[in-house]
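Each remark here refers to the structure printed beneath this line.
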Amino acid sequence: MKAIIQFLIMIALWLLLTWSLQPADVIAGIVISILTVALMGNIFLDKAARLFNPIRLFWGILYIPYLLWYILIANFDVAYRVLNPAMPIRPGIVKIKTCLETEMGKTFLANSITLTPGTLTVDIIGQDLYIHWINVKYDNDIEAQSYEIAGKFERILRRIFE
Amino acid sequence: MSTIMLVFIWALLISAFLCLYRIAMGPTPPDRTVGIDILGTIVVGFCAFMSLYTGKDYYMNIGISWALLSFIGTVALAKFLERRSFDE
Amino acid sequence: MDLKELSRDESRGMTLIVKTISRLIMSFVILFGCFIIIYGHITPGGGFAGGIILTIAYVLLLLAFGGKVAMAKLSNFWASMWDNIGALSFVVIGFLGMTGGYFFLNFLDHGSPGHLVSAGMIPLCNIFIALKVGAALYAIFIGLSVYGRIVTEEEK
Amino acid sequence: MSETIGYIMITVGVLFDVLGCVGLVRLPDVYNRLQAATKCVTLGTCLILFGVAVMGFGSGQNAMAVKSLICAAFVLITSPTGAHALARGSHKAGVPLWQGSVIDQYQEYEETKS
């Protein structure tokens, strides 16, 4: 099952890369996809098949514009801090807790945190994430920090990956 | 077409030179590494401009390869900064 | 130990984020290297560049998961073996041209220009050059990083 | 029409690229620089690639457009991962935070562990 899913993803990527439907191209794509599955099959993600559930797919497609909107806000935030002559920054490394369990969920949460306003993931140990925050608002309040930084993504990522 | 393209390319060149300033002047080794990482992403933008200007699609192959090599280089340098050997 | 259990080991390699992203993009890297090799005669690239990209996938494996996983995937013996197979096959293709007249004669069908089947045996040469270059670079990398490192005082 | 949208996206992307590099020069320590530069340059390069994709679809060069979309997805996935690896490496290499920083809970964790 996992091998079939990987094969389908690879052949779709090959057809997008070559952008032609001539017989020679398609046959080369099939051969190379089988070679790829044989070489890297046991390194590929374990639970890739569940991502093709229609409900998860719907939330996954909805997540892309949501993330892009927050990245745009993050860029205007950085522009304000960089161009201001006084440089209003108050940096520090804080610790937050996440409720996501799977490795894909934790990875995408960490990458989303890196791309959104004022935060950068430094390390991940179990359920704890250590975040470099450019404008620390609370003093050592883990609950409030977790809600402020990760809450807005966990709502959707829990529906996609858990 | 060509005037606005020239403005874009000069703007990207200015940002590349700002990265080069950080690589040359960075007080610690991680600063220089950050400059190298950012420079690798900017070059992908240059490849997109070349593809748009000439109308050939194979410049994007170079862009994808460059993004790949930049990622591997960043991971290798980060592992080196952690003072660990490559094989553990 | 099994390769799947080895790659789950927390104490070895980089963090969870780098490991998961490596799992995600590793297959795409192999696919893209093969794309560069196969279309080497009608777009820029070819055997050398494609072989480097194929090697990059295994080097990413070594960096993200540690040396044991990479060595279980492709050991130093098989790396040097693929190196030799690539070089020998390239020379054999050269000698096959002798059947038609001279060394490196392009004896296969030429096809129509601009398509995949359009250059006779040039794609075959590209594939063997990629094997040669990729395997040799991988062998050099593990020779320098796994076998060739300086043993520190604590490890003694 | 598609050409106008493409040029607007490319202009915004180039502006963000320059802003990110100004942040790389101006901000005080390596973590702040990494933050500003990674966010701005990732979005800037992705907007350039999206603009090229829009103009490619508009003028009929579909192969170029699809390849630039693949490249944008690739940059969007790998760039934050590289930033995370670099931040962790800098902290392990012993680079201190800027002297105006207020809190460092990762340092406390490292001290309790050892």
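Chains as they are written, first to last, in my numbering: chain A, 388 to 549; chain B, -4 to 83; chain C, 29 to 184; chain D, 43 to 156.
Quick reminder that beta carbons are idealized off the backbone N, C-alpha and C, glycines included.
Does any residue of chain A have a CB that is nearer than 8 Å to the CB of residue i?
{"i": "D/Leu139", "result": "yes"}
{"i": "C/Cys153", "result": "no"}
{"i": "D/Asp59", "result": "no"}
{"i": "C/Val174", "result": "no"}
{"i": "C/Ile70", "result": "no"}
{"i": "D/Ala95", "result": "no"}
Taking the alpha-carbon positions, what's the residue i to residue j distance?
{"i": "B/Gly50", "j": "A/Ile451", "result": "29 Å"}
{"i": "A/Ile427", "j": "A/Gln393", "result": "For clarity, residue 427 of chain A is Met in the given sequence; the question names Ile instead. So the alpha carbons of these two residues sit roughly 10 Å apart."}
{"i": "C/Thr71", "j": "C/Gly162", "result": "20 Å"}
{"i": "C/Met99", "j": "C/Lys32", "result": "13 Å"}
{"i": "C/Phe156", "j": "C/Leu88", "result": "23 Å"}
{"i": "D/Thr123", "j": "A/Leu422", "result": "27 Å"}
{"i": "C/Ile53", "j": "A/Tyr517", "result": "25 Å"}
{"i": "A/Asn429", "j": "A/Phe540", "result": "30 Å"}
{"i": "D/Tyr148", "j": "D/Val72", "result": "16 Å"}
{"i": "D/Val137", "j": "C/Tyr67", "result": "46 Å"}
{"i": "B/Thr(-2)", "j": "A/Ile483", "result": "49 Å"}
{"i": "B/Arg79", "j": "B/Ser65", "result": "20 Å"}
{"i": "C/Val46", "j": "A/Gly492", "result": "13 Å"}
{"i": "D/Ser44", "j": "D/Ala114", "result": "19 Å"}
{"i": "D/His133", "j": "D/Leu139", "result": "9 Å"}
{"i": "D/Ala107", "j": "D/Gly98", "result": "5 Å"}
{"i": "A/Met397", "j": "D/Ala129", "result": "32 Å"}
{"i": "A/Leu470", "j": "D/Val83", "result": "16 Å"}
{"i": "B/Phe12", "j": "B/Ile18", "result": "10 Å"}
{"i": "A/Ser533", "j": "B/Tyr53", "result": "45 Å"}
{"i": "B/Leu7", "j": "B/Met20", "result": "20 Å"}
{"i": "D/Thr120", "j": "A/Asn498", "result": "9 Å"}
{"i": "A/Leu400", "j": "A/Ser420", "result": "10 Å"}
{"i": "D/Ile90", "j": "D/Thr80", "result": "15 Å"}
{"i": "A/Asp433", "j": "C/Lys101", "result": "18 Å"}
{"i": "C/Leu9", "j": "C/Phe63", "result": "Nothing in the structure corresponds to residue 9 of chain C, since chain C is present only between 29 and 184."}
{"i": "D/His126", "j": "D/Ile47", "result": "33 Å"}
Mapping the DSSP letters down to three states, classify residue i as helix, strand or coil.
{"i": "D/Gly136", "result": "coil"}
{"i": "A/Lys482", "result": "strand"}
{"i": "A/Asn522", "result": "strand"}
{"i": "A/Ile430", "result": "coil"}
{"i": "A/Leu507", "result": "strand"}
{"i": "A/Ile414", "result": "helix"}
{"i": "B/Tyr16", "result": "helix"}
{"i": "A/Tyr450", "result": "helix"}
{"i": "C/Leu82", "result": "helix"}
{"i": "A/Arg545", "result": "helix"}
{"i": "A/Tyr517", "result": "strand"}
{"i": "D/Arg130", "result": "helix"}
{"i": "D/Asp12", "result": "Since the displayed chain D opens at 43 and closes at 156, residue 12 of chain D lies outside it and no answer follows."}
{"i": "B/Arg79", "result": "coil"}
{"i": "C/Ile70", "result": "coil"}
{"i": "C/Arg36", "result": "coil"}
{"i": "A/Ile476", "result": "coil"}
Would the beta-carbon of residue i be found less than 7 Å away from any heavy atom of the ligand PLP?
{"i": "B/Cys14", "result": "Annotation note on the ligand PLP: not contained in the displayed structure, which lists no ligands."}
Is residue i close to chain B? Criterion is C-beta to C-beta, closer than 8 Å.
{"i": "D/Val54", "result": "no"}
{"i": "D/Phe116", "result": "yes"}
{"i": "D/Leu66", "result": "yes"}
{"i": "C/Gly73", "result": "yes"}
{"i": "D/Ile47", "result": "no"}
Would you say residue i lies against chain C (beta-carbon separation less than 8 Å)?
{"i": "D/Thr154", "result": "no"}
{"i": "B/Ile9", "result": "no"}
{"i": "A/Trp401", "result": "yes"}
{"i": "A/Gln532", "result": "no"}
{"i": "A/Met474", "result": "no"}
{"i": "A/Leu432", "result": "yes"}
Kindly give me the distance between the Cβ atoms of residue i and residue j, rounded to whole angstroms, as I take these residues to be in contact under 8 Å.
{"i": "C/Leu136", "j": "C/Gly148", "result": "4 Å"}
{"i": "B/Val39", "j": "B/Trp61", "result": "6 Å"}
{"i": "C/Ile84", "j": "B/Leu63", "result": "6 Å"}
{"i": "D/Ala78", "j": "D/Gly93", "result": "Not quite, the Cβ-Cβ distance comes to about 22 Å (not below 8 Å), so this is no contact."}
{"i": "C/Leu44", "j": "A/Thr503", "result": "That pair is no contact at about 20 Å."}
Measure from the C-beta of residue i to each C-beta in chain D and report whether the shortest distance is under 8 Å.
{"i": "A/Val424", "result": "no"}
{"i": "A/Tyr517", "result": "yes"}
{"i": "A/Ala461", "result": "yes"}
{"i": "A/Gly479", "result": "yes"}
{"i": "B/Ile18", "result": "no"}
{"i": "A/Trp456", "result": "no"}
Self-check item: Contact list for the segment 99 to 130 of chain D against chain C, Cβ threshold 8 Å
Solution: Residues passing the 8 Å Cβ filter: Phe116, Ile119, Thr120, Thr123, His126, Ala127, Arg130.
Practice problem: Return the residues of the segment 492 to 525 of chain A that lie within a Cβ-Cβ distance of less than 8 Å from chain C, sorted by chain order. | Solution: Along the segment 492 to 525 of chain A, the positions whose C-beta sits under 8 Å from a C-beta of chain C are Lys493, Thr494, Ala497, Asn498, Thr508, Asp510, Ile511, read in chain order.
Quiz item: For the segment 34 to 55 of chain C, which residues have a CB atom closer than 8 Å to at least one CB atom of chain D, in sequence order?
Solution: Here the close residues are Met42, Thr43, Ile45, Val46, Ile49, Leu52, Ile53.
Quiz item: According to a CB-to-CB cut-off of less than 8 Å, which residues of the segment 81 to 92 of chain D neighbour chain B?
Solution: Legend: CB atoms of the segment 81 to 92 of chain D lying less than 8 Å from CB atoms of chain B belong to residues Val83, Thr84, Gly86, Thr87, Ile90, Leu91.
Practice problem: Taking a Cβ distance cut-off of 9 Å, strictly less, list which residues of the segment 54 to 75 of chain B are near chain C, in chain order. | Solution: For the segment 54 to 75 of chain B, the set of positions with a beta-carbon nearer than 9 Å to some beta-carbon of chain C reads Tyr54, Asn56, Ile57, Ile59, Ser60, Leu63, Leu64, Phe66, Ile67, Val70, Ala71, Ala73, Lys74 in chain order.
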